[in-house]
Structures are given as structure tokens and as C-alpha cells.
Amino acid sequence: MVSSEPTNSDDVSTWQVLATGPNWRVETEYCAIRWDDVVEATNRRPIWWRIPQGLLAFVDFIVGGALWGYLCASWRYAMFFLYPFLILAIIAAFSLAGGMALTRATDSSAIGALAAIGTFLLSFLAADRWVYLGLLFDDWIFARQYIRRGDPILDGRLRRVAAEIVEARRSGSADEILIVGHSLGAVLAIDLIDHAIRHGLDDQDDRPRLAFLSVGSSTLKIGLHRAAGRFRAAVERVSACRAVFWADYQARSDVMNFYRADPLPLMGLAATGSPVIRSVSIRRMIDPARYPRIRKNWYRMHCQFVRGNDRRAPYDYFMFVCGPLFAEQQVNAKEGAMQALDADGRFLVSPSPSLAGGHSTEVAKR
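If you count the sequence shown from 1, position 271 lands on 270 in numbering that gives the first Met the number 0, and the numbers rise without skipping.
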């Protein structure tokens, strides 16, 4: 596999990837939609702003019914939601107890208050370093803002990229257009595809379908909030669109996704058969010697959906984005790409009638 240097614009980072096997060749234009600037804008906010905003998000998701929805859909995700706020409560209790003890020892409430505040801030920074507490707060702050008012910068970016996707599909410049949304990125991917539908994507029924994979998805994180009506409407349109093939990959060992959950019925939407739900084993992707070292790292397990595998497995991110089989074929095959490739990476059978014939299969992806 060979990759070019990335080129960056305000909207996307793009690079070219060439992947080859004994009897196939794939050229992929890989486009990552940028929202690093949106994330960094929140990260740069001072602690005194982030903590109250995080607590506001915590209350909002409880009052908005999301926590109850998490408990019904996945108790583990409910624990993930409560985790940062429980840590904050422990820090606050520890700091308050220390401050009160110092107040009694020095007979000075000012010294006790300063000690409590200092302990709280230092403990928060330590928790941010070791368990990414600040990142978790920023995640829920962004989720609340997305539900309540959206982000105009990000929305404009998604609209522009959606127009490019529709044009690329219309021009037929790629054999496959695949959109992968991981975690909260799956929520943004649904918005992106919804914008594409509004640009006329559904009117091009004679062309290959747009493929969409939501992996380790946070769709229900947003969709179970009562105020997320706009997002649920987008989910409904994407699910019903005939020009989109949507598959949702879930893993039991990832506490940050909703395992064995069909998102539409849980959001009160009519089932359409889309997305196709697939459960995968992260254990099968990782070297057995390494797996015990990472299995308790929530973040590492969650990110395996968009990392390279140590072993051949039915789910393989790079086989989806750089491999010779279409995403829909891999989703529908019980063993994924392994079903069509031997141990050396050679096609056992031609992947599709449109690519049949000859000893060299060439595919262009975007």
C-alpha cells in the first residue's frame, strides 16, 4: 500500500492511496472531513467555562430523557455517560473534605476555601491527563450544542462536501463512493448524507448506491434526546433513501457504542431494513498476545473500528476503504472480504459481475 502526502483545504484533508494484490489494484481518494478546528476551539476554553458547560450538558441529557433511553438501549453506555460526572463528583467531594479539614486545623475559612479550590483544579487536570476527563466533558458539551443549535461552521462544511459527493456520483469518476462515520462522526455523516439527498442524490437511482458505514456509532447518543427532532428526521430520510446502502457495525467489547441496538425503532422511527446491523468481534482483529493489554482501554477498543487489524477478520477498516470489494459486498458476506480473498490476498472468485474477467481487477474508490 502506497499513500501520497495529504493536501489540506478548509473543508477536507485529501490523499491518494494505491493498494495492490496478486490480481487486483485499487486507487482510493481518501477524504477526511475536517472538524479539528471545531474540537480545538472547545479545548482552548478555560476550565471555569468547560466545567459549568459540562454540568449543563449532564443535566440536559438527563432531563431530555437521553439517560433513560441509554439505560433501556445499553446499560453500559449509560455507565459511560455517567462516568465523567461521577469522577467530577468524587473530585469535588475530596476537595471539599480537604478544605473543611484545613479550615478546622487553621481556623481560617479563607485558607480552607483556597485549598479546596486548588485541590479541585489540580485533581481535574490530573484526571484530564490520566482518564481524559476534559475530553469527555468537551464531547458532551459539543453533543448538547449540536442538538440545541448546531454549529454553523461545521454545517456549512458538510453542505459543501455533500454537493461534491453528489457531483462525483453523477460524473461516475469512482466505482464506489464510501462514507465512514465513527463514533460521533457517524452523526455528522448522517447530516452529510442528508444534505446530499437534498442536493438530489435520491434522483439518481440508476447509478451505484452511495455506501455508508456507521462504526462504533453515537447515533443513539444524539437520537435518544427528546430535543433531537431535527436529527431524527435526518436519520429517517437517510434510512429511506434508495440511493444509500447503510450498514451499522457494533462490538460488544466497545462500551462507547450501542451493541445489538437497532437505532430506528429505539428512536421511535419506522424500521426500513436500513441500516443493516452487523456485530463484530474486536478480539478477532487483534493479536492474541496484545489483546489482554488493550481490552480494558476503552478508547483503544473504541478506535479499533478505524485502525488496522493484526489478523484477518470479517471487519477490516482498510479493506473497506482501500480494498477491491465494494462495501455492500463485504457487509453481505458472512466472513467479509476473507470470503473472496485467499491467504495471499488473491481473489478466489471475481468480486462482482461488473468487475469480472481477466487477471487484474482495477477499482477506483472515493
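Glycine residues also receive a C-beta, built at the ideal position from the N, C-alpha and C atoms. Every value quoted in this text rests on a predicted model; they were computed, and no experiment measured them.
- Query: Which residue comes first and which comes last in the alpha helix (DSSP H) that contains D138?
  - Reply: Looking up residue 138 in the sequence shown gives position 139. Looking at the DSSP string, the run of the alpha helix (DSSP H) that includes D138 is 132 to 147.
- Query: Taking the alpha-carbon positions, what's the D35 to I192 distance?
  - Reply: Stepping through the sequence shown from its first residue, residue 35 is reached at position 36. Stepping through the sequence shown from its first residue, residue 192 is reached at position 193. For D35 and I192, the distance between alpha carbons rounds to 20 Å.
- Whole alpha helix (DSSP H) runs in the stretch 56 to 95 with 4 or more residues, listed along the chain? 65 to 72
- Express the C-alpha separation of F325 and P352 in angstroms, rounding to a whole number. Locating residue 352 in the sequence shown gives position 353, counting from the first residue. Locating residue 325 in the sequence shown gives position 326, counting from the first residue. Residue placement at P352 cannot be trusted, given a pLDDT of 39 that sits under 50; the coordinates are not used to answer.
- Run through DSSP, which three-state label would D127 get? For the purposes of this step, residue 127 is taken as residue 128 along the sequence shown, with counting starting at 1. Helix at D127.
- Message: Using a Cβ-Cβ cutoff of less than 6 Å, which residues in the same chain neighbour A250 once the five nearest sequence positions on both sides are dropped?
- Response: Along the sequence shown, read from residue 1 onward, the residue named residue 250 stands at position 251. So the qualifying residues of the chain are V279, I281.
- Query: Any idea if P274 is buried or exposed, counting beta-carbon neighbours within 10 angstroms, 16 or more meaning buried?
  - Reply: For the purposes of this step, residue 274 is identified with residue 275 of the sequence shown, where counting begins at 1. Result: buried.
- 7 Å Cβ cutoff met for A72 and A269: As a first step, residue 72 must be located in the sequence shown, where it is residue number 73. As a first step, residue 269 must be located in the sequence shown, where it is residue number 270. No, they are not a contact pair.
- Item | According to DSSP, residues forming a beta bridge with S278 | Translated into positions along the sequence shown, residue 278 becomes position 279. Q249.
- Task: Report the rounded CA-to-CA distance for T19 versus M0, giving the unit in angstroms.
- Result: As a first step, residue 19 is located in the sequence shown; it is residue number 20 there, counting from the start. As a first step, residue 0 is located in the sequence shown; it is residue number 1 there, counting from the start. Rounded to the nearest angstrom, the two C-alpha atoms are 7 Å apart.
- Message: If I follow the unbroken alpha helix (DSSP H) through S238, where does it start and stop?
- Response: Numbered from its first residue, the sequence shown carries residue 238 at position 239. Run containing S238: 228 to 239, per the alpha helix (DSSP H) assignment.
- Message: Spatial neighbours of L153 within its chain, please: C-beta separation below 6 Å, excluding the five flanking residues on both sides.
- Response: Numbered from 1 along the sequence shown, position 154 holds the residue referred to as residue 153. Within the same chain, L153 has close Cβ partners W34, V37.
- Message: For G357, count the other beta carbons within 10 Å of its own beta carbon; 16 or more makes it buried, fewer makes it exposed. Which is it?
- Response: Position 358 of the sequence shown, counted from the start, is the residue given in the question as residue 357. Because G357 carries a pLDDT of 31, less than 50, the predicted location of this residue cannot be relied on, and the following value inherits that uncertainty. Burial call: exposed.
- Item | Whole-angstrom distance between M266 and S359, CA atom to CA atom | The sequence position of residue 359 within the sequence shown is 360, counting from 1. The sequence position of residue 266 within the sequence shown is 267, counting from 1. Note on S359: pLDDT 37, under 50, position unreliable in the model; the coordinate value appears next. When rounded, the distance between both Cα atoms is 45 Å.
- Determine the extent of the beta strand (DSSP E) in which S107 is found, giving its start and end residues. Taking the sequence shown and counting its residues from 1, the one referred to as residue 107 is at position 108. No beta strand (DSSP E) contains S107, which DSSP labels as neither H nor E.
- Quick one, are the C-beta atoms of M255 and H301 less than 7 Å apart? Locating residue 255 in the sequence shown gives position 256, counting from the first residue. Locating residue 301 in the sequence shown gives position 302, counting from the first residue. Yes.
- Query: How long is the line joining the alpha carbons of L183 and D150, rounded to whole angstroms?
  - Reply: Position 184 of the sequence shown holds residue 183. Position 151 of the sequence shown holds residue 150. Taking the straight line joining both Cα atoms gives about 14 Å.
- Return yes when the Cβ of L157 is within less than 7 Å of the Cβ of D190, no when it is not. In the sequence shown, residue 190 corresponds to position 191, counting from 1. In the sequence shown, residue 157 corresponds to position 158, counting from 1. Going by C-beta atoms, D190 is nearer than 7 Å to L157.
- Closest by CA to G199, which one among A210, R169, A246, F93? Within the sequence shown, the letter at position 200 stands for residue 199. Here the closest residue by C-alpha is R169.
- Buried versus exposed, by CB contacts within 10 Å (16 or more), P350: Taking the first residue of the sequence shown as position 1, residue 350 is located at position 351. At P350, the pLDDT of 47 sits below 50, so the modelled position is not reliable; the number obtained from the coordinates is stated separately. That one is buried.
- Item | Cross-strand partners of A210 (DSSP beta bridge) | Here residue 210 refers to the residue found at position 211 of the sequence shown. BP columns for A210 point to L177, F244.
- Message: Starting from F317, trace the alpha helix (DSSP H) in both directions and tell me its first and last residue.
- Response: In the sequence shown, residue 317 corresponds to position 318, counting from 1. Its alpha helix (DSSP H) spans residues 316 to 321.
- Query: In angstroms, rounded to a whole number, what distance separates the CA positions of Y29 and I176?
  - Reply: Here residue 29 corresponds to residue number 30 of the sequence shown, with the count starting at 1. Here residue 176 corresponds to residue number 177 of the sequence shown, with the count starting at 1. Cα to Cα, the separation comes out at about 10 Å.
- Message: Give me the residue from A56, L101, Y131, A167 with the minimum Cα distance to W139.
- Response: Taking the first residue of the sequence shown as 1, we reach residue 139 at position 140. Minimum Cα distance to W139 is reached at A56.
- Task: Please classify A355: is it buried, with 16 or more other beta-carbons within 10 angstroms of its beta-carbon, or exposed?
- Result: For this step, residue 355 is matched to residue 356 along the sequence shown. Unreliable positioning characterises A355 in this predicted model, as indicated by a pLDDT of 33, which lies under 50. The coordinate reading is nonetheless provided below. Looking at its Cβ environment, which holds fewer than 16 other Cβ atoms inside 10 Å, A355 is exposed.
- Message: Is it buried or exposed, S3, if we count other Cβ atoms within 10 angstroms and call 16 or more buried?
- Response: Along the sequence shown, read from residue 1 onward, the residue named residue 3 stands at position 4. By the neighbour-count rule (16 or more Cβ atoms within 10 Å), S3 is not buried but exposed.
- Length of the line joining the Cα atoms of E163 and V11: For the purposes of this step, residue 163 is identified with residue 164 of the sequence shown, where counting begins at 1. For the purposes of this step, residue 11 is identified with residue 12 of the sequence shown, where counting begins at 1. Whole-angstrom Cα-Cα distance: 11 Å.
- Same chain only: Cβ atoms within 8 Å of F93, ignoring 5 sequence neighbours per side: Along the sequence shown, one-based indexing puts residue 93 at 94. Answer for F93: T118, S122, listed in chain order.
- Query: Where does F257 sit, in a helix, a strand or coil, going by DSSP?
  - Reply: To locate residue 257, count along the sequence shown from 1; it is residue 258. In the structure shown, F257 sits in coil (DSSP, three-state: anything other than H, G, I, E or B).
- Distance, Cα to Cα, G307 vs G97? Here the question's residue 307 lines up with position 308 in the sequence shown. Here the question's residue 97 lines up with position 98 in the sequence shown. Their Cα atoms are separated by approximately 46 Å.
- Does the Cβ of S252 have 16 or more other Cβ atoms within 10 Å, making it buried, or fewer, making it exposed? Locating residue 252 in the sequence shown gives position 253, where the first residue counts as 1. Label assigned to S252: buried.
- Under the rule that 16 or more other beta-carbon atoms within 10 Å means buried, what is W245, buried or exposed? Against the sequence shown, residue 245 aligns to sequence position 246. It counts as buried.
- Item | Nearest-angstrom Cβ-Cβ length linking C321 and V62, presumed shorter than 8 Å | For the purposes of this step, residue 321 is identified with residue 322 of the sequence shown, where counting begins at 1. For the purposes of this step, residue 62 is identified with residue 63 of the sequence shown, where counting begins at 1. Wrong, their Cβ atoms sit about 44 Å apart, outside the cutoff.
- Query: Can you name, in chain order, every residue of its own chain whose Cβ lies under 7 Å from the Cβ of F317, other than the five neighbours on each side?
  - Reply: Walking along the sequence shown from the start, residue 317 turns up at place 318. Around F317: G307.
- Query: Relative to the alpha-carbon of R345, which residue among L81, N22, Q15 has its alpha-carbon at the smallest distance?
  - Reply: Walking along the sequence shown from the start, residue 345 turns up at place 346. Among L81, N22, Q15, the Cα nearest to that of R345 is on N22.
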